[in-house]
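Here's the structure, in structure tokens; my notes come after.
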Amino acid sequence: MTRTAIITGAGSGIGAATAKRFAEDGWNVVLNGRTRDKLDAVAGELPEMGVRVVDGDVSKPDDAERLVTEAVESFGGLTCLVNNAGIARGGAPGDLSLEDFNAQMNINAGGVFNCVTAALPELKKADGACIVNTSSVSGLGGDWTMFGYNASKGAVSNMTRAMALDLAPDIRVNAVAPSLTDTEMTAGMQDDTDLMTRFAERIPMGRGAQPAEVASVIAFLASHDARFVNGVVLPVDGGLSASNGQPNFAA
Ligand code: NAD
């Protein structure tokens, strides 16, 4: 049986790696993002059959509706929705603008709402339907200077759990919670050698993730192998969130 997945934020990073991994696993993939050129470049590296690009902004309900409509027109149904599109805007309380706060809420959490609302009627018709959200370790606890991002990703984590209750047994809903991953989002951080050293000290595996290492966990959560996994926000963080936050006594 051919399965079809929508992957939002597929023009780069974790979303592009997820599109590649799903295509390798035999899925039809529908790539969404705001920038057509980037999506076309990712699609160009995938097998032509079974790939569709639908550009659009997940924070806009009409774009989310069109995304689902075009996916179903292309492939006849929808099995999986990967809500991966996201942005991050730094700023401690008092420094973060309302505009940046709202942008994060509207894209990171509102995008999940819009795409799920649009996709639900189709997912309900599919065998083995599922939703996989890209949350973050920032959706499990707080970061210094990231409280707006923490709010939006905390919403994604708890929407995942609540939707898993409401949509069972027909649709499983899970999330990944990556820590530092080598993508455009963290490009500025990757250039900061001192910050990377401090990350390596906090991550037991001693490094950040590559996008493919997050994509493979998203693919697992979408797979038949995970058919009894529901409502999980799974850290993909090299052990970072295993710590209670106290310093390393042995260092
Ligand atoms: P990225 O910037 O490469 O990818 C994010 C993608 O989302 C981009 O292609 C961007 O164009 C797209 N996007 C942004 N706003 C959109 C909108 N309104 N509509 C449609 N697409 C939109 O960064 P990434 O690290 O691959 O991010 C993917 C997801 O992973 C995000 O949700 C991010 O919050 C999350 N995440 C990233 C990290 C990290 O360290 N990189 C860690 C934890 C979670």
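Anchor point for the sequence shown: position 36 equals 39 in this note's numbering, and the numbering is continuous, going up by one each time.
All C-beta atoms in this analysis are idealised placements derived from N, C-alpha and C, irrespective of residue type, glycine included.
All of these numbers come straight from a predicted model, not from anything done at the bench.
* Asked: Just the Cα atoms here: how many angstroms apart are Ile221 and Thr72?
  -> On the sequence shown, residue 221 is found 218 positions in, with the first residue counted as 1. On the sequence shown, residue 72 is found 69 positions in, with the first residue counted as 1. Taking the straight line joining both Cα atoms gives about 23 Å.
* **Beta-bridge partners of Leu237, as assigned by DSSP** => In the sequence shown, residue 237 corresponds to position 234, counting from 1. For Leu237, which the question treats as bridged, DSSP gives the partners Val179.
* **Residues of its chain near Met188, where Cβ-Cβ distance is below 7 Å and the 5 sequence neighbours each way are ignored** => One-based indexing of the sequence shown puts residue 188 at position 185. Hits under 7 Å: Gly16 and Ala91.
* Asked: What are the boundary residues of the alpha helix (DSSP H) that Arg92 is part of?
  -> By one-based count along the sequence shown, residue 92 stands at place 89. Premise fails: Arg92 is in no alpha helix (DSSP H) and is neither H nor E.
* To do: Please list the segments of the alpha helix (DSSP H) lying wholly inside the region 6-43, counting only runs of 4 or more residues, in order along the chain.
  => List check, alpha helix (DSSP H) in window: 16-27.
* **Under the three-state DSSP convention, the category Asn117 falls into** => Taking the first residue of the sequence shown as 1, we reach residue 117 at position 114. Helix at Asn117.
* Would you list the residues sitting across from Asn86 in a DSSP beta bridge? => Mapped onto the sequence shown, residue 86 falls at position 83. Per DSSP, Asn136.
* Quick one: using the 10 Å Cβ neighbour count with 16 as the cut-off for buried, is Glu27 buried or exposed? => Position 24 of the sequence shown, counting from 1, holds the residue named residue 27. Result: exposed.
* **Beta-bridge pairing of Met149 - partner residues as DSSP gives them** => Within the sequence shown, residue 149 is the residue found at index 146, counting from 1. BP columns for Met149 point to Gly94.
* Asked: If we ignore side chains and look at the alpha-carbon of each, how far apart do Ala215 and Ala122 end up?
  -> By 1-based counting over the sequence shown, the position of residue 215 is 212. By 1-based counting over the sequence shown, the position of residue 122 is 119. Each residue's Cα considered, the two are about 25 Å apart.
* For the alpha helix (DSSP H) holding Arg205, just list the boundary residues, first then last. => Within the sequence shown, residue 205 is the residue found at index 202, counting from 1. Residues Thr196 to Arg205.
* Asked: Using DSSP with H/G/I as helix, E/B as strand and the rest coil, what is Thr184?
  -> The residue labelled residue 184 in the question sits at position 181 within the sequence shown. DSSP places Thr184 in strand when its eight states are reduced to three.
* What did DSSP end up calling Val57 once you bin it into helix, strand or coil? -> Stepping through the sequence shown from its first residue, residue 57 is reached at position 54. Strand, per DSSP.
* **Cβ-based burial, Lys127 [other Cβ within 10 Å; buried from 16]** => For this step, residue 127 is matched to residue 124 along the sequence shown. Counting Cβ neighbours within 10 Å, Lys127 comes out exposed, since fewer than 16 surround it.
* To do: Run the proximity test for Gly36: is its beta-carbon closer than 7 Å to any non-hydrogen atom belonging to the ligand NAD?
  => Here residue 36 corresponds to residue number 33 of the sequence shown, with the count starting at 1. Under cutoff, so the answer is yes.
* Expected contact under 8 Å - CB spacing of Ala8 and Thr82 to nearest Å -> Within the sequence shown, residue 8 is the residue found at index 5, counting from 1. Within the sequence shown, residue 82 is the residue found at index 79, counting from 1. Confirmed, Cβ separation roughly 6 Å.
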